[in-house]
Each structure stands twice: as C-alpha cells, then as structure tokens.
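Asker: Chains as they are written, first to last, in our numbering: chain A, 88 to 391; chain B, 9 to 811.
Once you've had a glance at the structure underneath, I'll fire off some questions.
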C-alpha cells in the first residue's frame, strides 16, 4: 500500500508537472434513499462517550446541519448484560451521550443497540454492532526534543520540536493510532488524520524515542504552514489508541474514499464497509487508550 | 483417445466436450483429406527482398493474374503459391515500396522466382500510407492490421516521438486506457490480455515514464502486425490481441546512420554490414533529458527519464537456406529524488529481452524457425537515509523456446510448432534495514518479507492449415493445445466459498503439483466475390494462464503478474467475427470494411472491494471471478493514395462483466466499455517536401462510479456509491496536427532530413483524466467535483536525419 501510494504520488507528480491541471466541473449526480449513519466510539477512557446518528443525503446537498437523527434509543450492553444508556444531547441533534463516569474494559466485548426512526414514519428500525476492546501497550514516557524532524517519519531540514515516544512494542501485531494534545486540546484525532503507526517494522523492539509528531519552530519555518505553535511550559501529550484490525481497515477505507482519484493507481470506487447491521453505514469503534505527557522546555540556544 | 476426451472435458466442460471432439475430428479430417482436394499444380515460390539493402521483406503482397491468387511473404520474405501450368503475370508490392510485375511461365515443374523491389521514393519520405489491409483480400484473417515504421512516423504523436503503440491505439476496436497511456484494450478485453512481442519475445511492461512512451523505438522497427481477435494459431497465452513487432535487419551492403532530436529525447541508430551480403548489425539507443528541465519547474535534485537500447545481429549463410539472428533489448526507467539533508529515494524499472532465432529452409515448401529467448521485467523502489534503508522489488522472468514451421504444399499453408516457457515470478520482496544510528531502536534490525516465488511451465503445441478451394473460397482451421503447470516450492492457500482461507498446502521443491490444459480451436473462412469484395468469418478460442494483479483501471510499473493455479482457473475467450471488405478505384486505392464480433470471456478476474494486492501473501483471497462479454461493429474506410489520403473508422462496442461479490453480483460495464469511438487520420501532401497530418479521436466517456449520496463523519463527506460504472465521464476527443518539411527527394544524395512540428490536442480540449469529489476548504459544507486533465495543447518539434 505504501509503495503504491509512493509510486502514485511520483507519477501523478510527473504528469501534473508536464502539463496537468485541475478544474471544477458541474456534474448532475443521482440520488438515493437515505441510510442511517452511525459514528459510535466507546473507549477505555473515563468520559461521556458519544454516539452520533445521522442520515445520508445528496452529495451536493449543502444542508448538512439537519441530518442528525433524533428520538432514537441508543445503548450499549456488555457480555454480562450490563447496559449503558446514551441520552440525546441537548445541544446537538443526533448526538447521544453516556454518563461522564463510563469507561470500557480491555478484553470485554460490547454490543451497540440503536432503534431509530430514519424515515420519520413512526416505525423505528433496529440496528446493532459488536466489537471487543483490544489491549493498549504501555507508553513509558514521551519527550519534546528540539532539532530536525527525525526519521523514519520525517526528513525535514527545518528545526522544531519532535514528540518522542518511549515504549516497548509488543512482539504481537497491534493496530495503534496516535494523536496529541497541547494543554489539553486534542489535535489530529479525526478519522482522516489520526496517525496510524506501522508496527510491522518494530514488533518486539523497544522504541527508544521515535519521533511521531513534529512542530516546526515558527522562527525557523514558514509560519503560514504551521498548525500548532509550541511555547515553553506547554503541556504536550501523546494519546495512543489501540484499534481492532477491522476498525483500522475501516479508517483506511475512509481515507481512500477521501483521496483524489488517480486512474492509473486507484481501484474502482467502492462503498465503505462498516460493522453496523441492517444496511446502516458507519462504525461502532471500541478501543483502548493510553496517554503520556511532558512539558515543553526552552529552545536550545546554540542551535540556529 | 481417453486422454483426448479428458483434456476436452477439462477445457470445455463435460457438456461441450462432445461438440469439441467433433470439431477436433473435423480439423483432423480436413488436414488428412487436404491432398485429395488438390488439382495438378506446381509451386511458384521465392523470396522478396529490398533491392538496395538485400533485406528480406516480410508481409509483401504477391498477386498472380489471371489466376486471381495471392500470398503474403513471411517474416523471411518468402512466398509460395500453387499454380496450374500456364503463363501468369506476378505483381509484387510492399508497404513503402513500389510495385513490380513480371511474367512467368509455369511448365510441368516447380518454379523459383525472387523479386528485388525498390523503395518507393515518395513513400520513403514518409508520405504514402498504403493500406496494408489491401493484402487482406488474399488472406482470410479478420481484424488484422500491419504497420511499418514509416506509417507510424507519420502519425502526430505526443512530444513528437513516433510510437507504434500509439498507432495501434488508433485502430478500430482498440481503445487507449487513459490519456497518454500506452495501455490499451482490444474489443472489450482487459489491459493484460494483449501479447506484446518484440522479435517473438513477450515484453511484460511495454511502457516508459508512466505510459508516455512505449518501449518500441520506431527507428529499429521493421514491421508490426496486430491481431484483434482472429489470432493466428501460432500465438497463444493472451485472450484479446497480439501485437507482433519485429526489429529490422541491419543493412547488408552499406553503413547507415539515423538519428533524431526532440524537445525531451534524442536517439541514434547505426547499422551496416559486418561481412558484406552475409552479416549485418543494427544498434540503436534512445535517452531522455527531462532532468535538465526539472529545476526550471522547481524540482531540484530530481532524476527522471529513461534510456533504451536495441541491437540486432543477422547472418545469412551462403547456401541461402540458413539464417541466424540475435536480437536484444534493454530499457530502464529511473526516478530519483535526493534533496540535501534528506532521504534519497529511487524508483527503477525496466525490461530486458534476448532472442536467438535460427531459420532453415528445407525446401521451397518447408521452413523451420527455432527461437530461444529470455525476457525479464524488474520493478524496484529504494529509499536510503542515514540509519535506515528500504527496498522493494518484484520481478518476472521467462525462459522460452519455440519451433515454428511452415509447410506449403499445393493450395495449402500449413503452420505447426511447439512453444515452451518457464515463468519465474517474484511478486514482492521487501527489505528494510534499520540501524542503531537511527537512534530510537535498541539494536540494528533487518526485516525481509518475501512472498513465495511462483514457478510455472507453459507450453503450446499447434497445427493449422489455410487452404484455398477454387478461386473464390479459402478455409483455415487449426488447433492449439496448451498446458500450464505450477511448480513448487510453493504454498497454496485453500479458500472456502466466501474466500476465507481455510488451509494452506505446502508443495515440495521442483514438484509439478497442478496442471491446466487448454484446447484452442480456430476456424475461419473467406469468400472472394467479384469486384474485390470479400466476406470473412472466423471463430477463435484463446486461453490465458497469467493474469495481472491490479485493482486499478490501468496498469502501473508495480503491477504483479500471477499464474493460474488450483484455485484460479485460466481465463478463456470465445470470439465469433464476421467481416466484409471491398476495394475499388484506381489500383484499389479505396478500401472499406465492416466487421462485427461477439466475444465471451470465462473465468474473468476482478478484485474484491478495498483489496490489497501488494505484499499480500494471500493475494488469491482478494480475487473474485466471473465472466464477461463484449460485442461490437467496426466500420472502416481508407484511401491509400493520392494527395489527400487517410482513414476513418467508427466503432460501436459494449463490454460487460459479471463477477461474484462485485456490484452485488449484478452485471456492470467494464472499464473498457466505451460505446462510440471514431478515429480519423488525414494526410495531405501538396508537395514532395511538405506534408500535413491530422488525427482526430473521439471516445465515449470513461465508465466510472460517482457518488449518489454522502455520509458525514468527523466533518468529512464520505461518498456513498451506486452501481459500479453506472456513470460516465465527459466524452474524450482530441485533434493532433503535424507538419513535416523534408529535404529534397530524389537528389541522389545519401543524406536526408526532415523537420516536424505539431500540436498534440490542438484545440486544447480539457479531457478528464480523473474526477474527484471534494469539500471546499473555505466552506466545508460545500462539496464540488473536480476533474484532472493532463494536457491542454502540447506543441512539439523534432529533427530527424538519415545518412
């Protein structure tokens, strides 16, 4: 997959350099009956977990504010029959929240139940999904290190802060994702930009400071391109997610669907395959989380 | 006979085995009874050669009046005809050459007549495109076309580099895969269903630079034949077409230099005698210099381009009965990126081939060609940095040998032979080395991931005859028997009906653990009516044992070939074709034809949704199988001579697939389904030194799947798709124009030159290469469609010379 994308990028680049251009075009698209979309995430974190219910709409329909499904019954059960209810959000239609003290347990299997009246005809349909929460390897520590963007995920010549991870990569195959938080505000945790760690290359080894995220120094780089600027004293956190292989596959499918189509390399478009029953789209993701934080120190004066 | 029945059952299924047996019997009967149908005739045979260079001229037309019989010369320039005693006028012509006539007298013995024909002065300057199809009245082949390098040179091409594959893409029934691609589909077939041969040796990836150029250097091409379905019995291994390109011999008498320089590419060819009239050589090279211009577009430290080399050595023995030739090709594409302080990345891929051919003439009626060849394709990606390096490689190598015989008794043209190929496929080999210097690991580490190499042996045994019955009817029939055996060491996954792996069987080294058999009958007939009108019909069965593992709509350099095995059945195709053609006017300068076909394809392969074909040790589990069908009508009109000449073709065709678990198991248009296609080639030669060419192409839009809705997740619009390929992109059309100014013809000087300039896509049509759906960055609630088009108008200029 990596090679294919690499090659696709190269050739796409060659073609575009030689002459290619892009242009917005008008296309009349067909419509379809609405389907239920479930975006449910249940984690090991103690928090108010959220299940988002919506319906599909025409692709060019700009009115996406009213697609939330209200009036649904949403709950999760575990293997012991324990039930966790999700109640409608007061502020956002289509969001259903658990109590704030709820958390999942690694190794447990959870089942999501949704009864929703998609068409508003008074006849709710039943949808369900099931997933088991994987184990999360321990994050020993993290460190904010000032320097060039370090390999293997970076090769930049600009200076900035690397967020380094120290942890034992278990010999088994894991499906780990990472995002980060600065002073409690979480970044890069959405389905299309969460960092999926390729653990095939380090299984069984101790990761002695691998750089997962890089924050360019605004005094050294083009400030327009910088999303997050670190300052001395900022609390920088690494958040790890242990996904199921099926959910990782789902994330990759979503990313393919959102990428630009390149005919020489792209497969025929296909609908994303989730784990919700009864023809609904979306995913009931169950995953465990880990977190480690550090404080951003002074920029080394001798490095210019 | 029991073995024959088993083979028939395996090839056709039990239900149709009986029918196949009857066809087989009929072929045998016709072969055995052939002599009985003949009258008392004698052989007129000989060789057709270039008067200046002594090169044999393949595919030259020989026409005998008043017998009304014709023949085409073979690859060695030989022809054979059976004639009753009498006096005849023999006319010989070839593409790029003039026509000569000679009166011969057949008495009560065989007669040998050699013909030396001179290049047509006007043609040599690249002016006249003679319809090679003119000879088709003397053949009974449907959907066959011939090209010479002069014809190819005349077609306006992207960046001015004449290309045989681009010329093939202009034929009716042939569709270019995507803008600028060298991939093509023939009569609704897949992109991997075309056998592309150079001197009888298969080239697995005939493209350079993402398909902008093909591997065929037009300056070394002696000729090319394309068969779009009525595939001669001597060819096997691909379902849809054969493009058989042959390198020309070097000149046996004089040294010649030929070259050219264009905007991005330069080339040089040298040929001449090593031993006059006996041994000749030809060496040619091409190289690009894209790299020089890349810094101008901001791409510093970047390597991009290709080079290729062709060489051919030919020796003719004094007895005029033996000839030996050695042909070689090697080409390499490179892409490299090495910015300062960063990782160095490289992509390299290329083909190599070597073919040794020995031809022996046992008599005027029996010729045997023996070929040994090897072909090799390697694609690799490498990345290196301080502390770690990464490499991926895939490779396919064939070692082959074949014997092809031609026996031409009275009124017959009997072809027979045997071919064998040993395939060695490395689908993927990943090597990752991470050193301690990298810092974050506590020890150096090397990781290799090798998919099992796949070994297989493919063979084909064939015999076929083409016979004339009376003055107006000809018949051909033949049978090809092919086998394909998988060899260990191998691990073979076993899947259940839902494609879940349930077992893995390990096969020992060198053990041939599974064999497929295929019977490929091919039958055709032609009636030649008055006024040069001919009606032709044929049935062809073809079998393909190697498939391309790609889940995209087009090929790319990292595509992996994989063999049929116990789980994957070989693809087969049955095609019926009917055609009528006519020639009229002065010297038959006009030609028109209408051809229709219906093709059934069995065990067609596609990939499941969201499949992963790279470094996947369970690749076979990603496959889905089904069937396909294609049909169409091709209308073609050509004027071969005059100040204004050219061709116009229109094709209506459909191509459909039905594949298990794809599109809910319902039929859908294949990516090659483009119902309407028009090709217009117009040449205007107002003066011997000036030539204008126009090429206009129209295709119905590429089938595609657009979203019919969206789901909103994390603020992103996730498309919801309807049935596969239920939409189409905009229609594709393009006009190319070129103008050529040449040195004075017929001055007697050895040096000649031409300067060509033109425009590809002259009216700057923005043909969609792809269409994507995106969210507006400034207003994320708004979605829009965006097309990528590769080319607006692209000018070109090139200078070519001959000495």
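Glycine included, each C-beta is placed from N, C-alpha and C at the ideal position.
1) For residue 518 of chain B, which of B:495, B:634 and B:177 has the nearest alpha-carbon?
2) What are the residues in the region 108-119 of chain A lying within 9 Å of chain B by C-beta distance?
3) So, is the C-beta of residue 781 of chain B closer than 8 Å to a C-beta in chain A?
4) Establish whether the CB of residue 28 of chain B and some CB of chain A are separated by less than 8 Å.
5) Look up residue 144 of chain B in the DSSP assignment and say whether it is helix, strand or coil.
6) Candidates A:362, A:355, A:329 and A:114: which alpha carbon is nearest residue 131 of chain A's?
7) Please state whether the Cβ-Cβ distance between residue 585 of chain B and residue 603 of chain B is less than 8 Å.
8) Candidates A:292, A:181 and A:323: which alpha carbon is nearest residue 254 of chain A's?
9) In or out: residue 771 of chain B buried (at least 16 other Cβ within 10 Å) or exposed?
10) Report the option in A:269, A:239, A:241 and A:332 whose CA atom is closest to the CA atom of residue 262 of chain A.
11) Please confirm whether residue 735 of chain B and residue 278 of chain A have their CB atoms less than 8 Å apart.
12) Strictly below 7 Å CB to CB, what residues from chain A border residue 741 of chain B?
13) Find the nearest neighbour of residue 114 of chain B within the set B:57, B:49 and B:152, judged by alpha-carbon distance.
14) Does the pairing of the region 240-254 of chain B with the region 782-792 of chain B give three or more beta-carbon distances under 8 Å?
15) Restricting to Cα atoms, I'd like to know which of B:667, B:651 and B:641 is closest to residue 660 of chain B.
16) What residues from the region 788-799 of chain B come within 8 Å of chain A, judged by C-beta to C-beta, listed N to C?
17) Does any CB atom of chain B fall closer than 8 Å to the CB of residue 249 of chain A?
18) Which one or two residues does DSSP pair with residue 461 of chain B in a beta bridge?
19) For residue 192 of chain A, does the count of other Cβ atoms within 10 angstroms reach 16, so buried, or fall short, so exposed?
20) With 8 Å as the threshold, decide whether the Cβ of residue 356 of chain A is near any Cβ in chain B.
21) Can you name the residues that DSSP bridges to residue 429 of chain B?
22) Any Cβ of chain B within less than 8 Å of the Cβ of residue 190 of chain A?
23) Near residue 643 of chain B, what residues of its chain come up, given a Cβ to Cβ distance below 6 Å and the 5 sequence neighbours on each side ignored?
24) For residue 332 of chain A and chain B, any beta-carbon pair shorter than 8 Å?
25) Under the assumption that residue 275 of chain A contacts residue 284 of chain A (Cβ atoms under 8 Å), give the Cβ distance between them as a whole number of angstroms.
26) For residue 233 of chain A, which residues from the same chain have a beta carbon less than 6 Å from its beta carbon, with the 5 sequence-adjacent residues on both sides left out?
27) Assign residue 304 of chain B to one of two classes, buried (16 or more other C-beta atoms within 10 Å of its C-beta) or exposed (fewer than that).
28) Between residue 316 of chain A and residue 345 of chain B, what straight-line distance do the alpha-carbon atoms span, to the nearest angstrom?
29) Would you say residue 727 of chain B faces chain A, with C-beta separation under 8 Å as the test?
30) Tell me, which residues are paired with residue 269 of chain B by DSSP?
31) For the region 351-363 of chain B against the region 373-387 of chain B, are there 3 or more C-beta pairs whose distance is under 8 Å?
32) Could you name the residues of chain A that residue 803 of chain B contacts, counting a contact when the two beta carbons are closer than 9 Å?
33) Go ahead and label residue 427 of chain B buried or exposed: buried means 16 or more other beta carbons lie within 10 angstroms of its beta carbon, across all protein chains shown.
34) Among all the DSSP beta bridges, which residues are the ones paired with residue 359 of chain B?
35) Kindly say whether residue 417 of chain B, judged by its beta-carbon, lies nearer than 8 Å to any beta-carbon of chain D.
36) Within the 8 Å Cβ cut-off, does residue 126 of chain A reach chain B?
Answerer: If we stick to the structure as given:
1) B:495
2) 108, 109, 110, 111, 112, 113, 114, 116, 117, 118 and 119
3) yes
4) Residue placement at residue 28 of chain B is poorly supported in this model, since its pLDDT is 45, which falls under 50; the coordinates are not used for a value here.
5) Low local confidence applies: a pLDDT of 41 at residue 144 of chain B is under 50, so the model's placement there is unreliable, with the coordinate-based value given in what follows. Looking at residue 144 of chain B - three-state DSSP - the assignment turns out to be helix.
6) A:329
7) yes
8) A:292
9) exposed
10) A:332
11) no
12) Within chain A, no residue comes near residue 741 of chain B; the closest Cβ sits about 16 Å away, beyond 7 Å.
13) B:49
14) no
15) B:641
16) 789, 790, 791, 792, 793, 794, 795, 796, 797, 798 and 799
17) no
18) According to DSSP, which records beta bridges pairwise, residue 461 of chain B is partnered with nothing at all.
19) exposed
20) yes
21) B:408 and B:466
22) no
23) 602 and 658
24) no
25) Not really, about 13 Å apart at Cβ, beyond 8 Å.
26) 248, 386 and 387
27) exposed
28) 30 Å
29) yes
30) B:274 and B:807
31) yes
32) Per Cβ cutoff of 9 Å: no residues; residue 803 of chain B is ~11 Å from chain A at best.
33) buried
34) B:385
35) Of the chains in the structure shown, none is chain D; the protein chains are A and B.
36) yes
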